[in-house]
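Student:
Chains as they are written, first to last, in this note's numbering: chain L, 1 to 490; chain R, 491 to 1391.
1) Verify the CB distance criterion: does residue 417 of chain L have a CB-CB separation below 8 Å to chain R?
2) Out of curiosity, what's the CA-to-CA distance linking residue 246 of chain L and residue 1288 of chain R?
3) Run through DSSP, which three-state label would residue 436 of chain L get?
4) Using a 10 Å radius around the Cβ and a threshold of 16 neighbouring Cβ atoms, would you call residue 64 of chain L buried or exposed?
5) Taking contact to mean at least 3 C-beta pairs separated by less than 8 Å, is the stretch 1083 to 1101 of chain R in contact with the stretch 725 to 738 of chain R?
6) Using a cut-off of 7 Å between C-beta atoms, extract the partners of residue 248 of chain L located in chain R.
7) Could you pull the start and end residues of the beta strand (DSSP E) that residue 1049 of chain R belongs to?
8) For residue 1324 of chain R, go through chain L and note every residue whose CB falls closer than 9 Å to its CB, in chain order.
9) Would you say residue 256 of chain L faces chain R, with C-beta separation under 8 Å as the test?
10) Measure the Cβ-Cβ separation of residue 1257 of chain R and residue 204 of chain L and say whether it is below 8 Å.
11) Note down the Cα distance separating residue 714 of chain R from residue 697 of chain R, rounded to an integer number of angstroms.
12) Do the stretch 209 to 219 of chain L and the stretch 161 to 168 of chain L make contact, defined as three or more Cβ pairs closer than 8 Å?
13) Can you tell which of R/1142, R/600 and R/1358 has the C-alpha that lies nearest to the C-alpha of residue 614 of chain R?
14) Grab me the residues of residue 1215 of chain R's own chain with a C-beta within less than 7 Å of its C-beta, minus the 5 sequence neighbours each way, in chain order.
15) Can the beta-carbon of residue 328 of chain L be found less than 8 Å from the beta-carbon of residue 117 of chain L?
16) Which class does residue 36 of chain L belong to by DSSP, given the choice of helix, strand or coil?
17) In the stretch 172 to 214 of chain L, which residue ranges form an unbroken beta strand (DSSP E) of at least 3 residues, counting only runs that do not cross its ends?
18) Where does residue 830 of chain R sit, in a helix, a strand or coil, going by DSSP?
19) If you draw a straight line from the C-alpha of residue 590 of chain R to the C-alpha of residue 559 of chain R, how long is it?
20) Between the Cα of residue 1208 of chain R and those of R/1159, R/1242 and R/1185, spot the shortest distance and give me the residue it belongs to.
21) Starting from the beta carbon of residue 252 of chain L, find every residue of chain R whose beta carbon is closer than 9 Å, and list them in chain order.
22) For residue 1329 of chain R, which residues of its own chain have a beta-carbon under 7 Å away from its beta-carbon, when the five flanking residues on both sides are left out?
23) Please say whether residue 1384 of chain R and residue 339 of chain L have beta carbons closer to each other than 8 Å?
24) For a cutoff of 8 Å on Cβ pairs, would you count residue 742 of chain R as touching chain L?
25) Using 8 Å as the Cβ pair cut-off and three pairs as the minimum, do the stretch 1139 to 1148 of chain R and the stretch 1107 to 1121 of chain R touch?
26) Cα-Cα, which of L/381, L/284 and L/232 is closest to residue 192 of chain L?
27) Among residues of its own chain, excluding the 5 on either side of residue 1379 of chain R, which ones have a beta-carbon nearer than 8 Å to its beta-carbon?
28) As a quick exercise: from R/1061, R/744 and R/865, pick the residue whose alpha carbon is nearest that of residue 772 of chain R.
29) Check whether the Cβ of residue 1338 of chain R lies closer than 8 Å to any Cβ atom in chain L.
30) Just to confirm, does residue 226 of chain L get its C-beta within under 7 Å of one of the non-hydrogen atoms of the ligand FAD?
31) Residue 623 of chain R to residue 1167 of chain R, Cα distance in whole Å?
32) Pick out whichever of R/548, R/1066, R/973 and R/1050 has its Cα sitting closest to the Cα of residue 651 of chain R.
33) Indicate the three-state DSSP secondary structure (helix, strand or coil) for residue 1184 of chain R in the structure shown.
34) Just to confirm, are residue 893 of chain R and residue 827 of chain R a CB contact at a threshold of 8 Å?
35) Against chain R, does residue 158 of chain L count as a neighbour if the rule is that its beta carbon must be under 8 Å from one of theirs?
36) Give the range of the alpha helix (DSSP H) segment to which residue 951 of chain R is assigned.
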């Protein structure tokens, strides 16, 4: 059952304060939305007040009624091959082995070839909707009727880093505030004992570019993603060292409270002091809340099995997906899961590495949708699955010519991703690439469009979501041509 | 079919196009009360164009309807009479009848302005009432629309007027004392029916003053000496001592580094390329502040140090080196051209540099006029590009240098000489080594040739001697039979293939050469600016800020609105007495001529802000129409004038301020003060302030007597731990992913200003307490208050380590841990309170802490995992020592530590 029963913005709620954002209490309430959404205010005569400003994570009113109140993004760095997974092209089977005649842009020109490589698996229509999906993602086939598959993604920047940032921070360079940070700043969070924005990292390592994937950029640091690690301790600094755990730390908190209380009596009316006093109690609450959220022992055997927790090949990603659901269920606003490094980047050995990667992720990802649906959370949770690029229809062969290690090179001009829940159409395919799955040609969705649409579903207007940092004005979607892709909306 | 990608912005920062507002005065914000008197003119009065309506139109309408050529719909809304004439749709206004006015119809329906920004309800109401009231103006409109570019209302803005030294108010009674600052403040307090609060006690004062002037807490000895000093000038001597301390330069240097946007990385894609020589600018600033280099000199050196030095800098002249290091200010902006050297990125780096310089020196958001006339201030796009032309000769968009090519080599003659001596010795050794290799190669060659029949050898050698392209088939066929045979020089390059073992015997030679070269002195590289001599530069207005679309040519010039009040503020395009254009030097001298309306005001306001937590002008980098008006305009002007008259000495101003009653008051709120002035703008008390990030860390180091290391030189490195935390130490990487951080010994206890400041990897401890990320600079720090700060204080490894170090010091000094001696425990508790709060514990606090220690010791004897139990068994005092550490940690986590009274 969803635990998002609090009204979006209650004064009482704010005064109770939040573990992750102990704002200036009443002050920040009265000052409104701090630096955000300032475009709504009177431009001609307003005077910006640059005094140190307090920021918090209390729930904020969206710009318009939202379809989704939370988002889970499964980000697939490296570039899953749309050719082999999502976007069947009969021409490729027909012309396998022949030379590709169109324009090609390679990342690795030394190993480039024009030889067309047929998809590595067969495609079959899935679900009532008949969405054609590859046999490499059978579990996705099982939820075809719940998702929208976008086959016309386009960022047009032909490398991993710019393209993944394009999709995640709108600009294509590191260091800028990410989608999650913008959502946290615009909406706050329903759970005041858990972070607003969580990044789940992979057991095999950090994603390419590490912390830039969840940075708050120019926004205040409270909007930064909190890393939930794949192993204990799942949140840094959440737990004390072993000898301080339990009674010793409780005693510390009591002493801190005692001294703080006495200090506060000498400074009546200083809301900052009160907020900080509450901070320690809330930190303690959070230790409990987070520990509880990460504890999967209460999940039924059936649930664990559905995700694949029982299978060593799926166990890790299954746990991450399950934790993502548990966090959203507890009011966390934005959860993003990452794979290690750029592990979908199959320049070589695609015939073995791609099926292995699919096997790890396909079942847990599909189980997440089923689970959210069954709990009644899918309607209000926007789910995204996708990487920063796809791959070319032609083969890439290593310099030593070892044929069994062939792969595919980058393609950011036309690739696929899927979305579900939170106001997205179910059982729908959007957009199209050319006959070879190379360039998106119909109903193209750029990273700007994608971000504007996501914000829209979450109740935010990308033209209004702005922040003044120093002398700069920041926004997630800077491109004026960005459009909300109405065709994706249920 | 090919799809052309839409252009995507690859800039690190977008220029600010429109001022966005953090917060608004309630009266302006409240849309339901458009009759407000604040900002919109008198509630009942009929609005006037210039003072009420024009500011709205200027912000939202002028660009398309007047400023740019070919106004949309042929309508120009810059003058009322032009609106009356109207455009293609006829007259835009019908005075007295809003509903018949197309202008009103378009605005009311939000059809205009196009784009997301619309008029607020209050603004619409104002426009409607203005039309209703007959579209009145304050005065007859000028004949030429150009003459209406700026209204008298804008030009009369307080900050654009010359500084005038006001008379010091005469205050009867005790409130004013005999201090000018107090007289000004008392005057406003009295007006509001308030008075000063009493003076704070000595413990509070020394802690406040020490953090304020040095960023560090007083040591127990310093506290003791001050408490014992009965002389009437004890406080003043404390002030003098702290101002003379080298820690003062660090503290106040850091404040300037914030506005200068000091950063040690480029801020670029992927790598965040380090700037390994940026620290020289940091050292320049700290040294200048420490020596109290007059502020006018300080600015001149940073804006035009290279033009002071002249054509040939002398690396042996420390003044030359210092002045070139000063120009590091102009290199601080994020710069993406090291990775992507595009016109757009070059342009952005220049724009950010101008933004830094203008916000730091004149407190105006000049950058807002990069794409169109400033929305609020009387700064035109022409002004912007004239201003920019001052810098253009040193920052040519066309002859752009990437960051790495901009470094200035100022290695001393002695070091150069030494390097060249070492290099020639190395060359000798290298020649010897090559001789040995050559000998070996000849041996190999002879042996391989010997494998051929004697009759063929001549032909083989002849074929080998020919360049590859000239060998005929017979040559090639012959050589193919001896695939390993190559000319001697080729064999010499590939000896590892022929004689790896004998080659390895030469390894010692190579190592000796490398080691010798390693003894060369490091070249002294300075990150600064040198304008190329005789630069030919054309400057132009860029249409909508686009460097691809230069339009009208411009000559260099100071911003009109601050130039118009002063004779002699012109910037000549070229100073014929110099090899460079002299533009920046002329500008720097104009800035510091003592008559500039903004420079001194902005400087003293910033000083005030750091002493009190808020400036007299609360928007320290925006003194324009959108900024906050000063809370004490006369005091601001008096201080500005005093600053200039006193020879631009900052320490003098500090002393004036910290000796005032206003500064020395208690920081407690009272119902009387809160009723009238809850935000303490009138300064009827001091404000309670949280320690800034650097002080949190540095104060722990002082309490643990750990602060070590030099007060200058290259920074202490920051690296990323495998868990993502940024910690001090050398980062190890495998496959471009973090693989731990290597310890760097006692260097890790240097003051925070010497910790490498990476844009994308700020030290976690400092970041948690709001150390700013420079994008491009920071005019006032923000303060957050979040649970992760609490978690960090409770559980972070580096905090626990520091607490343990402080604890061992306290234990050592009091003879602990002999747990039966309660007197010793009291002594230790007092020592901790003194170190952390600058005041001894009182009896009740001692009791809390004693009980905590005793009970915590017991708890720790039964807590923990196997490793902990083992430690307990090995060393009986473990639990007691750890209990003291947890006490220290708790005290550090309290508000008494984190706040300055």
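Think of the CB as a built atom: it goes at the ideal place given N, C-alpha and C, for glycine as much as any other residue. Quick caveat: nothing in here was measured; it's all calculated off a predicted structure.
Tutor: On the basis of the data shown:
1) One-based indexing of the first chain puts residue 417 of chain L at position 417. False, the Cβ-Cβ gap to chain R never drops below 8 Å.
2) Reading the first chain from its first residue, position 246 is the one you call residue 246 of chain L. Reading the second chain from its first residue, position 798 is the one you call residue 1288 of chain R. Spanning the two alpha carbons is a distance of roughly 20 Å.
3) For the purposes of this step, residue 436 of chain L is taken as residue 436 along the first chain, with counting starting at 1. Reduced to three states, the DSSP call for residue 436 of chain L is coil.
4) The residue given as residue 64 of chain L occupies position 64 in the first chain. Residue 64 of chain L should be labelled exposed.
5) no
6) As a working mapping, residue 248 of chain L is identified with position 248 in the first chain. Result: 1346, 1349, 1350, 1353 and 1376.
7) Counted from its first residue, the second chain places residue 1049 of chain R at position 559. It is not in any beta strand (DSSP E) - residue 1049 of chain R carries neither H nor E in the DSSP assignment.
8) Within the second chain, numbered from 1, the residue matching residue 1324 of chain R stands at position 834. Neighbours of residue 1324 of chain R on chain L: none; closest Cβ ~15 Å, over 9 Å.
9) Counted from its first residue, the first chain places residue 256 of chain L at position 256. Cβ-Cβ to chain R under 8 Å: yes for residue 256 of chain L.
10) Locating residue 1257 of chain R in the second chain gives position 767, where the first residue counts as 1. Locating residue 204 of chain L in the first chain gives position 204, where the first residue counts as 1. It is not a contact, given that the beta carbons lie outside the stated cut-off.
11) Taking the second chain and counting its residues from 1, the one referred to as residue 714 of chain R is at position 224. Taking the second chain and counting its residues from 1, the one referred to as residue 697 of chain R is at position 207. Cα to Cα, residue 714 of chain R sits roughly 12 Å from residue 697 of chain R.
12) yes
13) Along the second chain, one-based indexing puts residue 614 of chain R at 124. When each option's Cα is compared against that of residue 614 of chain R, the closest is R/600.
14) Numbered from 1 along the second chain, position 725 holds the residue referred to as residue 1215 of chain R. Same-chain partners within the cutoff: 1254.
15) To locate residue 328 of chain L, count along the first chain from 1; it is residue 328. To locate residue 117 of chain L, count along the first chain from 1; it is residue 117. It is not a contact, given that the beta carbons lie outside the stated cut-off.
16) Residue 36 of chain L sits at position 36 when you count from the first residue of the first chain. Reliability fails at residue 36 of chain L, whose pLDDT of 34 lies under 50, so the model's placement of it is uncertain and no value is given.
17) 197 to 200
18) Position 340 of the second chain, counted from the first residue, corresponds to residue 830 of chain R. Coil at residue 830 of chain R, not helix or strand.
19) Stepping through the second chain from its first residue, residue 590 of chain R is reached at position 100. Stepping through the second chain from its first residue, residue 559 of chain R is reached at position 69. Straight-line Cα distance between these residues: approximately 28 Å.
20) Walking along the second chain from the start, residue 1208 of chain R turns up at place 718. Ranking the options by Cα distance to residue 1208 of chain R, first place goes to R/1242.
21) In the first chain, the residue the question calls residue 252 of chain L occupies position 252. Neighbours of residue 252 of chain L on chain R, chain order: 1284, 1342, 1346, 1376, 1377, 1379, 1380 and 1383.
22) Here residue 1329 of chain R corresponds to residue number 839 of the second chain, with the count starting at 1. Excluding residues within five positions, the ones whose Cβ falls inside 7 Å are 693 and 1323.
23) Stepping through the first chain from its first residue, residue 339 of chain L is reached at position 339. Stepping through the second chain from its first residue, residue 1384 of chain R is reached at position 894. The answer is no: Cβ separation not under 8 Å.
24) Start at 1 with the first residue of the second chain, and residue 742 of chain R comes out as number 252. Chain L contact via Cβ: absent.
25) no
26) Looking up residue 192 of chain L in the first chain gives position 192. The candidate whose alpha carbon is nearest that of residue 192 of chain L is L/284.
27) Numbered from 1 along the second chain, position 889 holds the residue referred to as residue 1379 of chain R. Cβ neighbours of residue 1379 of chain R beyond the five flanking positions: 1283, 1284, 1289, 1290 and 1293.
28) Indexing the second chain from 1 puts residue 772 of chain R at position 282. For residue 772 of chain R, the nearest C-alpha among the options comes from R/744.
29) On the second chain, residue 1338 of chain R is found 848 positions in, with the first residue counted as 1. Yes, contact with chain L.
30) Ligands are entirely absent from the displayed structure, and the ligand FAD is therefore not among its contents.
31) For this step, residue 623 of chain R is matched to residue 133 along the second chain. For this step, residue 1167 of chain R is matched to residue 677 along the second chain. Computed Cα separation, rounded: 37 Å.
32) As a working mapping, residue 651 of chain R is identified with position 161 in the second chain. Minimum Cα distance to residue 651 of chain R is reached at R/1050.
33) By one-based count along the second chain, residue 1184 of chain R stands at place 694. Reduced to three states, the DSSP call for residue 1184 of chain R is helix.
34) If you number the second chain from 1, residue 893 of chain R lands on position 403. If you number the second chain from 1, residue 827 of chain R lands on position 337. Cβ atoms of residue 893 of chain R and residue 827 of chain R: closer than 8 Å.
35) Locating residue 158 of chain L in the first chain gives position 158, where the first residue counts as 1. Chain R contact via Cβ: absent.
36) The sequence position of residue 951 of chain R within the second chain is 461, counting from 1. Residues 944 to 955.
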